[in-house]
Structure formats: structure tokens, C-alpha cells
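S.K.: Counting in my numbering, the sequence shown runs from 53 upward without gaps.
Virtual Cβ for every residue (Gly too), placed ideally from N, Cα, C.
One structure, as C-alpha cells, below. Some questions next.
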Amino acid sequence: MKYFIAIIKPFKLDDVRNALTEIGVEGLTASEVRGFGRQRGQTEIYRGAEYNVSFVPKLKIEVAVPDEMQEVVHEAFLQSASTGQIGDGKIFVFDLCSATRIRTGETENNAL
Numbered sequence: 053m054k055y056f057i058a059i060i061k062p063f064k065l066d067d068v069r070n071a072l073t074e075i076g077v078e079g080l081t082a083s084e085v086r087g088f089g090r091q092r093g094q095t096e097i098y099r100g101a102e103y104n105v106s107f108v109p110k111l112k113i114e115v116a117v118p119d120e121m122q123e124v125v126h127e128a129f130l131q132s133a134s135t136g137q138i139g140d141g142k143i144f145v146f147d148l149c150s151a152t153r154i155r156t157g158e159t160e161n162n163a164l
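Shown next, in the form of C-alpha cells:
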């Protein structure tokens, strides 16, 4: 099993969700997060005063999938989250050693 963590721009959530649903991903977790990368934050104007925002708002998407779906899920993230602009985000892929559905006790791929 594989565990994906993708950091994306907030307005791309619906595109990513639709792309993952189309390829058969049955669930995901989305969290609002803040961070910075090469963007190093941004400058904003509030009530006429300019100030630096050192952490940029992003969304963290977490998805667990069977091994055989790794490539198609990775491609779905790439295609649906990309704007071609700086700050599009990152995709991290981890090996997932165990999964259990609490309600039924199902394990591994059956729990996904």
C-alpha cells in the first residue's frame, strides 16, 4: 500500500478530488495548513499598510491506496493540482505498512 501526502493550492481542491474520484480513489483527508517553500511567503496590503506573510495557506491532501494504483494516483495529482506557477506544491509518497478499518476490523487493502 502507498500513502500520499500532497500539499496543494487551496482553490485546486475540487479539481484534485474529482480527478482522484474518477480513477477510483474512495476517500481522502484534506486539512488546511500553512507553510512556505521557495515562495518564502508573500507581501500583502491590509488597510493601506504593506506587510509580509511568512506562511502561505495551503491544503494537505492525504490518500492511502493499493500499490497498483501508485502511478495513476501520482499522475492524477500532477495533472489536477498544477497551475504551472510557483507554489503549486509537492507530492510525497510513503510505503504504508498497515491499515485497519476500525468499524469492521478489515485490514490492508480491504480497509482502504
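1. Measuring CB to CB, does Leu164 end up less than 8 Å from Ala133?
2. Determine the contact status of Ala128 and Met53, defining contact as a CB-CB distance below 8 Å.
3. For Leu72, count the other beta carbons within 10 Å of its own beta carbon; 16 or more makes it buried, fewer makes it exposed. Which is it?
4. In three-state terms, what does DSSP make of Glu160?
5. Are there 16 or more other CB atoms within 10 angstroms of the CB of Val85, so buried, or fewer, so exposed?
6. Kindly indicate which residue of Val68, Gly87, Leu130 and Gln137 has the alpha-carbon position closest to the one of Thr81.
7. In the structure shown, what three-state DSSP assignment does Lys64 receive?
8. From which residue to which residue does the beta strand (DSSP E) around Val85 run?
9. For the alpha helix (DSSP H) holding Phe129, just list the boundary residues, first then last.
10. Please state if the CB of Leu65 and the CB of Leu130 are separated by a distance shorter than 8 Å.
11. Please list, in chain order, all residues of the same chain as Ile57 whose beta carbon is under 6 Å from its beta carbon, the five residues on each side excluded.
M.R.: Let's see:
1. no
2. Their beta carbons are not under 8 Å apart, which means Ala128 does not touch Met53 by this criterion.
3. Classification of Leu72: buried, given that the 10 Å Cβ count is 16 or more.
4. helix
5. With fewer than 16 other Cβ atoms inside 10 Å of its own Cβ, Val85 counts as exposed.
6. Val68
7. helix
8. That run of the beta strand (DSSP E) goes Thr81 to Gly87.
9. Gln122 to Ala133
10. no
11. Glu114 and Phe144
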